[in-house]
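First up is the structure itself, then whatever we jot down about it.
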Amino acid sequence: MIPKQISEIEVPQATGKIETWKAHVATAIVSREHRATWLPIVALLVLIVYFALQQPAFLSPLNLTVMGAQAGPLLLISLGASFIVLMGSIDLSVGAVAALASAISAVLLQNFGTSHTTAFLAVVGFGIAAGLLNSVLSTVLRLPSFIATLASSSIFTGIMLHVLEGTALFVNDDDFSMVANGQIIPRMPNVLLLAVLLWVVLSLTTSHTRFGRYIVAIGAGERVAKLSGIAINRYKTYAFVLSSTLAAIGGFYLLSRLGSATPSIGDGYLLDTVAAIVVGGTALTGGVGGAQRTLLGVALITILSNGLNVSGVSTFTQEIVKGVVIVIAVLTTIDRVSLQDIVK
Numbered sequence: 001m002i003p004k005q006i007s008e009i010e011v012p013q014a015t016g017k018i019e020t021w022k023a024h025v026a027t028a029i030v031s032r033e034h035r036a037t038w039l040p041i042v043a044l045l046v047l048i049v050y051f052a053l054q055q056p057a058f059l060s061p062l063n064l065t066v067m068g069a070q071a072g073p074l075l076l077i078s079l080g081a082s083f084i085v086l087m088g089s090i091d092l093s094v095g096a097v098a099a100l101a102s103a104i105s106a107v108l109l110q111n112f113g114t115s116h117t118t119a120f121l122a123v124v125g126f127g128i129a130a131g132l133l134n135s136v137l138s139t140v141l142r143l144p145s146f147i148a149t150l151a152s153s154s155i156f157t158g159i160m161l162h163v164l165e166g167t168a169l170f171v172n173d174d175d176f177s178m179v180a181n182g183q184i185i186p187r188m189p190n191v192l193l194l195a196v197l198l199w200v201v202l203s204l205t206t207s208h209t210r211f212g213r214y215i216v217a218i219g220a221g222e223r224v225a226k227l228s229g230i231a232i233n234r235y236k237t238y239a240f241v242l243s244s245t246l247a248a249i250g251g252f253y254l255l256s257r258l259g260s261a262t263p264s265i266g267d268g269y270l271l272d273t274v275a276a277i278v279v280g281g282t283a284l285t286g287g288v289g290g291a292q293r294t295l296l297g298v299a300l301i302t303i304l305s306n307g308l309n310v311s312g313v314s315t316f317t318q319e320i321v322k323g324v325v326i327v328i329a330v331l332t333t334i335d336r337v338s339l340q341d342i343v344k
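Read in my numbering, the sequence shown has 147 at position 147, and its numbers run on one by one without any break.
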């Protein structure tokens, strides 16, 4: 489908070169729309082939299982954040929410001896509360989502440091470890299985429900969506709650996978989440993409990180590479004229 910008381009009635130019403009704009779909696939295949040739162990069953365990929490966190980006906003608190959720779970399980279910429900409750806080800051106090979630991220990080008292808290529970690391399906960690099932549900939600359609409409044009009768603040609240809740659940499963909550447990998840969403093909300006594309982005970022690790590349260099990947993804999948509207 040709974007609406085409209809706004006025070309005098002519033949020959002018008509050819008009066709080239239409083709260029449409091709930009499709880059978000095929570029990540090409990049994924290139990375798999490259790392497989560099390190034969990269495609070993053991390493594939490890990558699945790494991808699970990231996919959980990225799925919720995808809806925030899809509506043209940003959630910078997901890493801090995941970290605090891990800390809360560790304290409840290790210090208070609660059941896994109780700890999980507590984490879900915290995620809902965190999302409501972000929503109030954004929709009631009218702060830009960038500022609102940056502030809440600082708040959650501070609370997490108090909860952990600045040190690591280990959870000595083999059964809890199996929550994320167990394998109902051989070679597929439970955390990845859950994340993939949620991906299916949320992908259908994006394309087949009122919530999904309204989020896309808000991202495509908030003023037009408001004039159309969409309750903007209500659906923004839904999106923020969904994002924080899935980030909190991701933190719960991250604790199960690692076995301990540390002050640095959420470090890197914000960058990886944004990278996965953008690389997957969701435009930072909103209105294009969604959860259905996030799985591909998470796969690409996970393979990139794991491949660099297997190849012996330092963590510091990996951060540089991810930053470059984000820049390339934005420049190749977005109309740069719209960059001024990224943060709403």
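Just so you know, even glycine gets a beta-carbon here, dropped at the ideal spot from N, CA and C.
Going by CA-CA distance only, name the one from the options that's closest to residue i.
{"i": "residue 153", "options": "266, 292 and 331", "result": "266"}
{"i": "residue 72", "options": "62, 199, 103 and 48", "result": "199"}
{"i": "residue 358", "options": "326, 303, 315 and 324", "result": "Only positions 1 to 344 of the chain appear in the structure, and residue 358 is not among them; the question remains open."}
{"i": "residue 207", "options": "289, 274, 106 and 262", "result": "289"}
{"i": "residue 106", "options": "233, 59 and 167", "result": "167"}
{"i": "residue 108", "options": "173, 134 and 96", "result": "173"}
{"i": "residue 222", "options": "87, 309 and 176", "result": "87"}
{"i": "residue 231", "options": "245, 104, 176 and 214", "result": "214"}
{"i": "residue 194", "options": "246, 143 and 52", "result": "246"}
{"i": "residue 257", "options": "177, 219, 183 and 331", "result": "177"}
{"i": "residue 235", "options": "134, 70 and 311", "result": "134"}
{"i": "residue 264", "options": "144, 165 and 148", "result": "165"}
{"i": "residue 180", "options": "311, 83, 321 and 253", "result": "253"}
{"i": "residue 136", "options": "326, 308, 50 and 233", "result": "233"}
{"i": "residue 111", "options": "163, 70 and 42", "result": "163"}
{"i": "residue 313", "options": "294, 51, 62 and 151", "result": "51"}
{"i": "residue 346", "options": "308, 291 and 142", "result": "The structure shown does not extend to residue 346, since the chain is modelled only from 1 through 344, so no value can be given for it."}
{"i": "residue 293", "options": "196, 271, 318 and 262", "result": "196"}
{"i": "residue 96", "options": "158, 49 and 142", "result": "158"}
Below 8 Å on the Cβ atoms is my guess for residue i versus residue j; work out the distance and round it to an integer in Å.
{"i": "residue 186", "j": "residue 68", "result": "About 11 Å; that fails the 8 Å criterion."}
{"i": "residue 92", "j": "residue 160", "result": "Contact doesn't hold; Cβ gap of about 15 Å is too wide."}
{"i": "residue 139", "j": "residue 237", "result": "6 Å"}
{"i": "residue 202", "j": "residue 64", "result": "Rounded, the Cβ-Cβ distance is 24 Å, inconsistent with contact."}
{"i": "residue 146", "j": "residue 90", "result": "6 Å"}
{"i": "residue 296", "j": "residue 307", "result": "About 16 Å; that fails the 8 Å criterion."}
{"i": "residue 57", "j": "residue 325", "result": "Not really, about 23 Å apart at Cβ, beyond 8 Å."}
Are residue i and residue j touching if we call contact CB-CB under 7 Å?
{"i": "residue 248", "j": "residue 123", "result": "yes"}
{"i": "residue 102", "j": "residue 255", "result": "yes"}
{"i": "residue 94", "j": "residue 282", "result": "no"}
{"i": "residue 216", "j": "residue 287", "result": "yes"}
{"i": "residue 329", "j": "residue 274", "result": "no"}
{"i": "residue 298", "j": "residue 75", "result": "yes"}
{"i": "residue 260", "j": "residue 120", "result": "no"}
{"i": "residue 98", "j": "residue 250", "result": "yes"}
{"i": "residue 77", "j": "residue 269", "result": "yes"}
{"i": "residue 40", "j": "residue 227", "result": "no"}
May I have a chain-ordered list of the alpha helix (DSSP H) segments no shorter than 4 residues that lie completely inside the segment 210-269? 210-220, 222-227 and 232-258
Pair every Cβ in the segment 122-134 with every Cβ in the segment 241-256, then say whether three or more of these pairs are closer than 8 Å. yes
Enumerate, from N- to C-terminal direction, the unbroken alpha helix (DSSP H) stretches of 4 or more residues contained entirely within the segment 108-189. 116-135, 145-164 and 174-181
Going along the chain, which unbroken runs of the alpha helix (DSSP H) with 4 or more residues stay wholly within the segment 36-73? none
Just list the alpha helix (DSSP H) runs in the segment 295-340, keeping only unbroken ones of 4 residues or longer that don't cross its boundaries, in chain order. 315-333
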